[in-house]
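Beneath this line is the structure, given in structure tokens, with notes to follow.
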Amino acid sequence: MKYDFAPACALVQASQNILIAGHVSPDGDTLGSALGLALALRSIGKQVTVAFQDEPPQHLRFLPGADKIFRPDQLSQQPDLLILVDCATLERTGDGWIEAYLPQVPLLIFDHHALRDEIPAVSLIDPHLAATAELIYWFLQAIEVPLDLDIARCLYTAICTDTGGFRFTNTKVHTLQIAAELLAQGINLEEMRIQLFESRSMGHIKLLGLCLSNLQKTVDNKLVWCGLDAATKKLHNALPEDIDGIAAATMQLEGVKIGMFFDERAEQGVVKVSMRGRDGYNVGKLAAEFGGGGHYAASGCTIPGTLAEVQPKVLAAGKRLLAEMEARI
Ligand code: 5GP
Ligand code: MN
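Below, the structure is given as structure tokens:
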């Protein structure tokens, strides 16, 4: 195996009380990695607590252990090891709660983001991987914890969601080999597909419909975007989980290269921008221009201001990236 898991194994073996945390607005990868790792470490006698600042979205609450996730303010015990999964920066864990443990508590990081902060830690990071859960899978082999069905369901969820159901180009031969091993634990694919892709709230379906019917684009279809302003969200009582996943809809139009989704969060005075890009269009870099980050093909940033203020600036940057790419062809 190309990773050196020895320092991570040593850290885990020397610890008894382990806290695992992931990122805000948790997705399938951060939740599946955290919960799968928690189950595995409990099976070798560790005391493990999983904590996230935000609630898991409704469609991921079926994950084993999702009902036992702690909020930061519910934590009392000091862990002897902190593990972060799928977080490119400490800020991604939320509003400063994680910093309270550092540097006294040793830190172990599993991640697959290319654009990262330097954080002093034992780190297992590979930006070529589709999902953090692939690293967790190999780590479990290194630390000799056997898989079981519940661990497999967690890791499969993580990999399946971060590869868009094994459709994105981050799906490699090893990704499918890992998925096959996970499936061999007895995963019910019908249940999985329904949970992950066909269990959305009525709110999501309605807002998705609204966004699709108001989709905007450049004349050549290359930049496609839609936005939800605060008034519309209020009118529809939109929950954060209703909004999750709408960004993907911008990538369905023929000829699209860059998709953007703008979510006005008036309570915080910010706009959350989700970006998606086709091969050759590095939206990770684009989001980083606005203080965000993510991956080459899927990224995001959170920008202070209203939708009317933020959207034109980000669209202009998107058009600049399109023009740069045109100039190269
Ligand atoms: P989504 O658009 O699905 O919320 O996020 C896509 C990816 O972009 C995430 O997996 C994450 O890596 C990154 N991302 C999203 N929002 C932010 C943000 O506000 N800051 C940073 N640094 N990365 C983000
Ligand atoms: Mn991920």
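By the working numbering, the letter at position 6 of the sequence shown is numbered 6, and the numbering carries on one by one without gaps. All residues carry an ideal CB built from backbone N, CA and C; glycine is no exception. As the structure is a prediction and not an experimental result, all values here were calculated from the model.
So, at 8 Å on beta carbons, what are the nonlocal neighbours of residue i in its own chain, with the 5 sequence-adjacent residues on each side left out?
i: C160; result: G28, F166, A179, M192 and L196
i: E254; result: N221
i: G341; result: No information on residue 341 is available, as it lies outside the stretch 1 to 329 that the chain covers here.
i: M325; result: K257, G280 and Y281
i: H174; result: E134
i: K68; result: V50
Rounded to the nearest angstrom, what separates residue i and residue j at their Cα positions?
i: N17; j: P79; result: 5 Å
i: V24; j: E91; result: 9 Å
i: F110; j: L82; result: 11 Å
i: D279; j: K222; result: 13 Å
i: Q47; j: E55; result: 22 Å
i: P106; j: G94; result: 19 Å
i: A100; j: A8; result: 22 Å
i: Y156; j: H112; result: 16 Å
i: L31; j: A316; result: 34 Å
i: E289; j: A248; result: 21 Å
i: F70; j: P64; result: 14 Å
i: L416; j: F168; result: Residue 416 falls outside the range modelled here, since the chain spans only 1 to 329, and no answer is possible.
i: Y3; j: D126; result: 9 Å
i: I330; j: K233; result: The question about residue 330 has no answer, for the chain in this structure spans 1 to 329.
i: N188; j: K313; result: 45 Å
i: F5; j: A14; result: 14 Å
i: H128; j: P120; result: 21 Å
i: A66; j: Q74; result: 15 Å
i: I194; j: E309; result: 38 Å
i: Q177; j: W138; result: 12 Å
i: A158; j: P72; result: 22 Å
i: D162; j: G293; result: 16 Å
Is residue i near ligand 2 - that is, is its Cβ less than 7 Å away from at least one heavy atom of it?
i: T171; result: no
i: A21; result: no
i: T175; result: no
i: H112; result: yes
i: A131; result: yes
i: D126; result: no
i: D358; result: With the chain covering 1 to 329 only, the question about residue 358 has no answer from this structure.
i: D263; result: no
i: D95; result: no
i: D54; result: no
i: D244; result: no
i: D29; result: yes
By Cβ distance, which residues of its chain are closer than 6 Å to residue i, with the 5 residues on each side in sequence left out?
i: A34; result: I20, G22, V50 and V85
i: D117; result: T89
i: Q185; result: L147, L149 and A152
i: L321; result: L286
i: D242; result: S201, G203, H204 and L207
i: H295; result: G284
i: F62; result: Q195
With a Cβ-Cβ cutoff of 8 Å, do residue i and residue j count as a contact?
i: T171; j: A130; result: yes
i: T302; j: K272; result: yes
i: V219; j: T250; result: no
i: E264; j: A230; result: yes
i: M275; j: S299; result: yes
i: G36; j: A133; result: yes
i: L307; j: G245; result: no
i: A10; j: V145; result: no
i: H59; j: S199; result: yes
i: F262; j: Q216; result: no
i: I143; j: V12; result: yes
i: A297; j: G318; result: no
i: L383; j: V122; result: What the structure shows of the chain is the stretch from 1 to 329, and residue 383 is not part of that stretch, so it cannot be assessed.
For residue i, is the beta carbon positioned less than 7 Å from some heavy atom of ligand 1?
i: C160; result: no
i: G318; result: no
i: T89; result: yes
i: C301; result: yes
i: R92; result: yes
i: H295; result: yes
i: G292; result: yes
i: A40; result: no
i: S25; result: yes
i: L33; result: It is worth fixing the name first, because residue 33 is Ser in this sequence and not Leu. Outside the cutoff, so no.
i: A392; result: No answer is possible for residue 392: it lies beyond the span of the chain, which begins at 1 and ends at 329.
i: S274; result: yes
i: A231; result: no
i: A247; result: yes
Near residue i, what residues of its chain come up, given a Cβ to Cβ distance below 7 Å and the 5 sequence neighbours on each side ignored?
i: P26; result: F52, D54 and P56
i: G269; result: P304
i: A266; result: A230
i: Q330; result: Beyond the ends of the chain as shown, which are 1 and 329, falls residue 330; an answer cannot be given.
Run the proximity test for residue i: is its beta-carbon closer than 7 Å to any non-hydrogen atom belonging to ligand 4?
i: A288; result: In the structure on display, ligand 4 does not appear, and the ligands it does have are ligand 1 and ligand 2.
Determine, using beta carbons only, whether residue i comes closer than 8 Å to chain D.
i: H128; result: Any reference to chain D falls outside this structure, which holds one protein chain only.
#### Entry: Runs of beta strand (DSSP E) lying entirely within the segment 77-130, each at least 3 residues, in chain order
81-85, 107-111 and 122-125
### Whole beta strand (DSSP E) elements within the segment 287-315, 3-residue minimum
298-304
#### Entry: Sequence ranges, beta strand (DSSP E) only - wholly within the segment 215-291, length at least 3
223-228, 258-265 and 270-277
### Query
Going along the chain, which unbroken runs of the alpha helix (DSSP H) with 4 or more residues stay wholly within the segment 134-211?
149-162, 173-183 and 189-197
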